[in-house]
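This note's numbering runs 41 ahead of the 1-based position in the sequence shown.
Note that beta-carbon positions come from the ideal geometry of N, C-alpha and C, so glycine has one too.
In what follows, a single structure is set out as structure tokens and then discussed.
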Amino acid sequence: MLQALQERFGIEGAVTFVAGKNGLPTMALRHASGAGAVIYLHGAHVTSWTTPKGEELFFVSRESRFAPGQPIRGGIPVIFPQFGGGELPQHGFARISEWAVLRTGVAEGGEITVALGLHENPETLAMWPHPFALELEARLGERSLHLDYRAQNTGSEAFAFTCALHTYFRVADIRRTALLGLEGVTRIDTLRDDIREVETRREIRFDQETDFIYESAPDSVLLVDEGNARKLRIEKAGMPDYVVWNPWIEKSRRMPDFGDDEYPWMLCVETGVMARPTTLRPGEQWKGTTTFRMEA
Ligand code: TA6
42 MLQALQERFG IEGAVTFVAG KNGLPTMALR HASGAGAVIY LHGAHVTSWT TPKGEELFFV
102 SRESRFAPGQ PIRGGIPVIF PQFGGGELPQ HGFARISEWA VLRTGVAEGG EITVALGLHE
162 NPETLAMWPH PFALELEARL GERSLHLDYR AQNTGSEAFA FTCALHTYFR VADIRRTALL
222 GLEGVTRIDT LRDDIREVET RREIRFDQET DFIYESAPDS VLLVDEGNAR KLRIEKAGMP
282 DYVVWNPWIE KSRRMPDFGD DEYPWMLCVE TGVMARPTTL RPGEQWKGTT TFRMEA
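Structural data, given as structure tokens:
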């Protein structure tokens, strides 16, 4: 399979198909600057984004599973058609499905671009009776990773969905990490019966389990990783909400695919349609974009 993918979609020095954990097929992206990314076809899951110097910017748990039907704990889980719990498996089926490679290329500016697709199959139809087409396109630059996320209703009936790019950032120490740009935004506290409050902090810092949905939020926030002297700009479009999550001590212990000691080294800043569903009529397409950019 890897050889066939390499022959059809491989690009010398830019896109290489290699076996990942447990032999799952992955694409290794390499930018001319030395920046890199790794994407599993399983869940169209970006598990690594590295700087030109090879520093890893994403968190993946050492306990993560890499197995059919199981989500990968870290990187960018692709969430569709349900964010969180509900009638479908937690966070929906897109992140545990096998996606297909649609195209690869090198853009004029040298960005490495790859696109993966997923559409309905007997398993998804058994859970959720709607034909759909998902596409995730990743563009790797010297200091940025850009994601275009599209969902189309290819059926004959309208459907409602929620979705997210559930990104796990690696940080040196959560206690020396801040998130800026959400002051004045309404936040839903999923740990306290979904009460709504206005965020009053200019700098959000972390000293306990945190699980907030920031609804209809500005399209740009800044993640400050003081321990690594690093700043990451997170920009979005077409995606109204963020989720900010750290499991802290007790929840970490309850997650079998997450090390008890790992919470200090990660923060999820997720982008998507999470606070309330959006509806696609037959033939309609939704598009959201997220861009991560190294500022320092
Ligand atoms: O995005 C926050 C959240 O919904 C948390 O409540 C927590 O459940 C996290 O996602 C991880 O969910 P998962 O199904 O990947 O364990």
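According to the neighbour-count rule (16 or more other Cβ atoms, all chains shown, within 10 Å of its Cβ), is residue i buried or exposed?
i: M42; result: exposed
i: T320; result: exposed
i: Q326; result: exposed
i: N194; result: buried
i: E128; result: exposed
i: S197; result: exposed
i: D266; result: buried
i: A60; result: exposed
i: S257; result: exposed
i: V262; result: buried
i: I290; result: exposed
i: L82; result: buried
i: G126; result: exposed
i: L273; result: buried
i: V239; result: exposed
i: K277; result: buried
i: P355; result: Nothing can be reported for residue 355: it is not among the residues displayed for the chain, which extend from 42 to 337.
i: L188; result: buried
i: R343; result: Since the displayed the chain opens at 42 and closes at 337, residue 343 lies outside it and no answer follows.
i: I245; result: buried
i: T133; result: The sequence shown places Gly at residue 133, not Thr. Buried: at least 16 other Cβ atoms inside 10 Å.
i: L166; result: exposed
Looking at the structure shown, is residue i part of a helix, part of a strand, or coil, going by DSSP?
i: R242; result: coil
i: S293; result: helix
i: M280; result: coil
i: G64; result: helix
i: R103; result: coil
i: I52; result: strand
i: Q249; result: coil
i: L43; result: helix
i: P163; result: helix
i: P318; result: strand
i: I215; result: helix
i: W306; result: helix
i: I80; result: strand
i: R184; result: coil
i: G268; result: helix
i: E135; result: The sequence as given places Ala at residue 135; Glu does not occur at that position. Note: A135 maps to helix in three-state DSSP.
Out of the options, point me to the one whose CA is closest to residue i's CA.
i: T241; options: T195, D260, L223, T231; result: L223
i: G146; options: F333, W327, V314, H72; result: H72
i: V87; options: H171, G329, V119; result: V119
i: D252; options: R233, G77, V262, L263; result: R233
i: M168; options: P122, I117, R216; result: P122
i: G225; options: S185, A201, Y255, I215; result: Y255
i: T208; options: A45, Q47, L264; result: L264
i: A55; options: P297, P323, A213, V155; result: V155
i: C309; options: T67, A108, P288; result: P288
i: V212; options: L186, F99, Q44; result: F99
i: W286; options: G329, R271, Y304; result: Y304
i: T203; options: T330, S89, G313; result: G313
i: K328; options: G300, V284, S105, Y190; result: Y190
i: G343; options: T330, E250, M307; result: Residue coverage of the chain in this structure runs from 42 to 337, which leaves residue 343 outside it and unanswerable.
i: R317; options: K292, V284, M335, T332; result: V284
i: A108; options: L157, S138, A174; result: S138
i: G64; options: T91, R106, F50, R136; result: R106
i: A3; options: D248, L221, D214; result: Residue 3 cannot be examined here, being either before or after the span of the chain that is shown, 42 to 337.
Tell me whether residue i counts as near the ligand TA6, meaning its Cβ is closer than 6 Å to at least one heavy atom of that ligand.
i: Q131; result: yes
i: G110; result: no
i: G125; result: yes
i: W286; result: yes
i: D301; result: no
i: D234; result: no
i: D252; result: yes
I want to check one thing, is the minimum distance from the CB of residue i to the heavy atoms of the ligand NAP below 6 Å?
i: G126; result: As far as ligands go, the structure on display features the ligand TA6 and does not contain the ligand NAP.
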